[in-house]
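Here's the structure, in structure tokens; my notes come after.
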Amino acid sequence: MYFLKELSHTVQLHPMYFGPRMHEYVEMRLRAEVEGSCSGRYGYVVAVLHLSKMSRGRVLPNIGLADLHARYTAVVFKPFKGEVVDGIVTTVNKMGFFADVGPLQVFVSTHLIPADLNYDPNGDQPCYTSEDQLIQKGSLIRLKIVGTRMDATEIFAIGTIKEDYLGVISQ
Amino acid sequence: MDSAECSHELIFAGMCAYCGSTVLEQSDPNDESSFVSISHDTSALRATRKHAEKLHREETQRLLSERRLSLIVDLDQTIVHAWDDPAIESWLVDEAHPYHAASKDIHRIVLHDTSSRPGTMAFLEKAASVFELHIYTAGSRSYADAVAQLLDPKGRLFARRILSRDESGSQRTKDLKRLFPCDDAMVLIIDDRADTTAGPVISGVRPVPEDNDAELDVIWEHLSKIHTAFYMMQDENKDENDPLLVKADVKAVVNGFRSRTLLGCTILFSGLIAVNESFEVNEFWLMAKECGANCVKQLTPWVTHLVAAKPGTSKVHEAEDQGDVFIVAKEWLEESFYAWRRADERVHALPGVEQPSMDVEERIAQAAAAAAAMVRSRGQSEEESTVLKRTRSAIDDEDLTDDLLLSVHELKRARKEGTPLNEEEEAELLRLSPSSSAAEMQEKLRHCDWNSMMDDVMAELEEEGEQLDTETEAEAWPGDGTSSEDEASEAGTPVKHDTAASLTAYQRLEAR
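Protein chains in written order, with the UniProt record's numbering: chain D, 1 to 171; chain L, 1 to 512.
This is the structure:
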């Protein structure tokens, strides 16, 4: 699920940037450092919307760099158990398939794939097929998350497509 | 599914892939419920040993029904050669450059220049028809993917069966168990280094591509032979009730082929085994053993080859004096080992050393006869047979395996010469084993076992129509028929071999 969240981050700035366009530069650095990062608590930081407050810089003794403390509003993405998400299939093997839901890697095991979808290892690329569905690398898929695990820097999830209205999204 | 009822057979990043609940991994790797990696491209997906075995069974059944085997291919120094050299860029770009023509197999990928061994593409195409190809490289993931992309742009050959050091769990060594945790009876490996791969079957490749490099042709020849032999063995032993049960083993097939390479040769080493090094673990010693040669530590009348590092050692002089020992460089052994064919002694003769003038084949036969003659001279007056005496002294010296093997070999030859040992003497030989454990004895005889089988096959082919009593040979050694089975059951695999049946398989193969 996506949230707007107020977060803070400290940027270290080299003295060469102490000047008229300092704030612009800090914002650039902030985006580079936090966008795409992941914390177990808030999930993935998808995008920084705006900087709400920036502290005055504090020069660090001995090294001359300045610490700037920034508060910003960001879009964060955190998956929850029971949530239905859309993703793209990346790998198909006989145990199931992997799908990317944005930055999140989800594994859907054969156990949680409807029985009418059968694994076919032959052909150009391995896939799951039934009369009306084909799941292979690149397929768009709608799945429901049944479990998540948050690491300090990564989130993994287990998904299912064995329920109504889940599976390949036809275009 | 309810977490309480779930068997948690398959886990992804610490979660059960069926119910989504967090699963704690067993720390004891031998526990039945411990997890093993089952996927090439991620180590996050793991299954319980039991589930992995089930998946593996399905996989083997599929391979069997397609009549294919698994082949693990190493990249660097085996099928490709990667390096970083700015000079080569000019070869690629400059069409007038004298090396431009030679650079057609060179491809650029990020970081490296890569050249595939000549004929690699054709080799892979051919191999893919009867083997399921896997890549197992000590390189990084991105490198492996880049090379695979180069060799196989459509992903037909390797699909996603690529394992790099990022998923391997070890930077230096390759573990066959990582890919085939349950059973490796249908797995072959091509690698330039035998020491990094902890697998039983290795088709060695010479690392550096030479000018007219026919290495891959040789390997292909071996591979197709192995494939044919494997499925012959499988067909002979097929279980009627369960035709998709693996009954053959590529390890046995490869040993069978390779152990005929230097059959009958007795090899002495000079300057290749360090004084303080144990013989049994020396690479040359093992190589020669694998080729079916007898290895000895002292010069005896039936030594046929001396593999020496340099001229001028005392063993070289002694061998020269004996006059019937071919003194060769270590390349002779290496080439024989890799090509499964006894290399030409004249080509690899140690420079500056006097060589015997006789024919090599003749000399090998003669040496065998000499050994046999020793056996024949037994039983005169009250004296013990030489073989028994040697065996006794070997046991006293605790230098058992090699001398014993030699004795047994002599024994078999003697039997072929027409003077079989009587049963008591054979029993005596078996009894002399220090622990008197039949299983250990069988283990020691295992190597010989194959030799004799191959001997029989060859002899039978040569003397077609003539009567040769193979059955006595097979029955004479109680361990012969069962040793490999014992081994298999020890490893907990369902593999079973019927030596007699596989024998016929070889005969048919050789007859082609």
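Even for Gly, the Cβ is constructed at its ideal location relative to N, Cα and C.
Asked, Found
"Chain L contact residues for D/D124, given Cβ-Cβ distances below 8 Å", "K154, G155, R156"
"Simplified DSSP assignment, three categories, for D/R142", "strand"
"Coil, strand or helix - L/S43 by DSSP", "coil"
"Contact with chain D by L/D41, beta-carbon distance below 9 Å", "yes"
"Identity of the residues DSSP links to D/R149 by a beta bridge", "D/F156"
"Chain L within 9 Å of D/V146, Cβ atoms only", "yes"
"L/L64 beta carbon less than 9 Å from that of L/V134", "A small correction: the amino acid at residue 134 of chain L is His; Val does not occupy that position in the sequence shown. In this structure, L/L64 does not lie closer than 9 Å to L/H134 by Cβ."
"Close Cβ partners of L/S437 (< 8 Å) along its chain, the five nearest in sequence each way excluded", "Reliability of the predicted coordinates at L/S437 is poor, the pLDDT of 42 falling under 50, and no value is obtained from them."
"3 or more residues per run - each beta strand (DSSP E) lying fully within the UniProt domain \"RNA polymerase Rpb7-like N-terminal\" (8 to 63) of chain D", "43 to 54"
"Bounding residues of the beta strand (DSSP E) (the contiguous stretch that carries D/Y119)", "118 to 120"
"Test: L/G14 CB closer than 9 Å to a CB of chain D", "yes"
"Residue 543 of chain L classed as buried or exposed, judged by whether at least 16 other C-beta atoms fall within 10 angstroms", "What the structure shows of chain L is the stretch from 1 to 512, and residue 543 of chain L is not part of that stretch, so it cannot be assessed."
"9 Å Cβ cutoff met for L/H305 and L/W332", "yes"
"Contact set between L/T137 and chain D, taken where Cβ atoms lie within less than 8 Å", "Ordered by position in chain D, no residue passes the 8 Å Cβ test against L/T137, which lies about 19 Å from the chain."
"is_contact[L/A148, chain D] using C-beta, thresh 9 Å", "no"
"C-beta atoms of L/H222 and L/W340 nearer than 9 Å", "yes"
"Given 8 Å, three or more beta-carbon pairs between the segment 79 to 87 of chain D and the segment 115 to 128 of chain D", "no"
"Contacts around L/D184, its chain only, beta-carbon distance under 6 Å, and the 5 residues preceding and following it disregarded", "L176"
"Cβ-based neighbour list, L/R141, same chain, cut-off 6 Å, excluding 5 preceding and 5 following", "S164, D166"
"Contact between the segment 121 to 131 of chain L and the segment 152 to 161 of chain L (3+ Cβ pairs under 8 Å)", "yes"
"D/M95 at chain L interface by Cβ criterion, 9 Å", "yes"
"Any beta strand (DSSP E) of 3 or more consecutive residues that is wholly inside the segment 242 to 286 of chain L", "266 to 270"
"Pair within 9 Å by beta-carbon distance, L/H348 and L/A329", "yes"
"Interface flag, L/A144 vs chain D, CB-CB below 9 Å", "no"
"Endpoints, beta strand (DSSP E) assigned at L/L71", "69 to 73"
"L/R62 and D/P79 closer than 9 Å at C-beta", "no"
"Endpoints, alpha helix (DSSP H) assigned at D/Q105", "Note, D/Q105: premise wrong, no alpha helix (DSSP H); beta strand (DSSP E) at 104 to 109."
"Residues bridged to D/H69 (per DSSP)", "D/T10"
"D/R149: contacting residues in chain L (beta-carbon distance under 7 Å)", "A13, G14, M15, T22"
"Outcome for L/R258 when other beta-carbon atoms lying within 10 angstroms are tallied against a minimum of 16", "buried"
"Rounded distance between the beta-carbons of D/L51 and residue 212 of chain D, thought under 8 Å", "Residue 212 of chain D is absent from the model: chain D starts at 1 and stops at 171."
"Rounded separation between L/L45 and L/A17 - CA only", "9 Å"
"Chain-ordered chain D contacts of L/R160 [CB-CB under 7 Å]", "T91"
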